[in-house]
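Notes follow once the structure below has been shown.
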Amino acid sequence: MSDVIRRTGEERQASIEETAAALEIDEALISDLVDDFYTRIRADALLGPVFEQVVGDHWDTHLPKMKNFWSAVALGTKRYDGRPMPAHMRLPGLTEAHFTRWLTLFRETLDELAPNPAAHDFFLDRACRMANSFRFMIFHANADVS
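In case it helps, our numbering puts the sequence shown at residues -2 to 143.
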């Protein structure tokens, strides 16, 4: 059996924390990334109206939730309690252009704030995986593949 499979939860968490430290990823960086990214989102002609419709005046609760989400992704924290897929599945009118723009803004944020290329790639890889999962579920999950 692989050593990776046999690791305990504590060992996995220690590995996540070691990776994050090596990449210079911490809570302060995550907070800055989320704040800057959503400032860009809100000002964007394509994505701003979508988020305004969904989040409205509740940015004071949405931003901490997104910080907890990215903290869970990057640092293995357990503060995020949510199911992002169903929330996105309910949004009417999403197109490929929305996901492309979301990734562009995320990449631009990383270009400015990531402390090093490895941290940039770490976050971008995870963002691309999420976007691709959402794209598949929203646009292709019910497609006839016969």
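Cβ atoms here follow ideal geometry from the backbone N, Cα and C, with glycine treated the same way.
Just so you know, these numbers come straight off a predicted model, no measurement behind them.
{"Check": "Which of the three DSSP states, helix, strand or coil, is assigned to Gly6?", "Outcome": "helix"}
{"Check": "Between the C-alpha atoms of Ala111 and Leu26, what's the straight-line distance to the nearest angstrom?", "Outcome": "8 angstroms"}
{"Check": "Give the DSSP-derived three-state secondary structure of Leu44 in the structure shown.", "Outcome": "helix"}
{"Check": "Give a single yes or no on whether Ala94 has its beta carbon closer than 7 angstroms to a heavy atom of the ligand MN.", "Outcome": "The ligand MN is absent from the structure shown, which contains no ligands of any kind."}
{"Check": "Check whether the Cβ of Asp78 lies closer than 8 angstroms to any Cβ atom in chain C.", "Outcome": "Of the protein chains in this structure there is only one, and it is not chain C."}
{"Check": "Taking Cβ to Cβ, would you say Arg123 is nearer than 8 angstroms to Val51?", "Outcome": "no"}
{"Check": "So Arg98 and Leu44 are supposed to be a Cβ contact under 8 angstroms. How far apart are they, rounded?", "Outcome": "6 angstroms"}
{"Check": "Going by DSSP, what residue range makes up the alpha helix (DSSP H) through Met134?", "Outcome": "Per DSSP, Met134 belongs to no alpha helix (DSSP H) and is neither H nor E."}
{"Check": "Can Thr106 and Phe48 be called in contact, C-beta distance under 8 angstroms?", "Outcome": "no"}
{"Check": "Quick one: is Arg64 buried, meaning 16 or more other Cβ sit within 10 Å of its Cβ, or exposed?", "Outcome": "In the sequence as displayed, the identity of residue 64 is Lys instead of Arg. When all chains shown are included, Lys64 counts as buried."}
{"Check": "By DSSP, does Leu91 sit in helix, in strand, or in coil?", "Outcome": "coil"}
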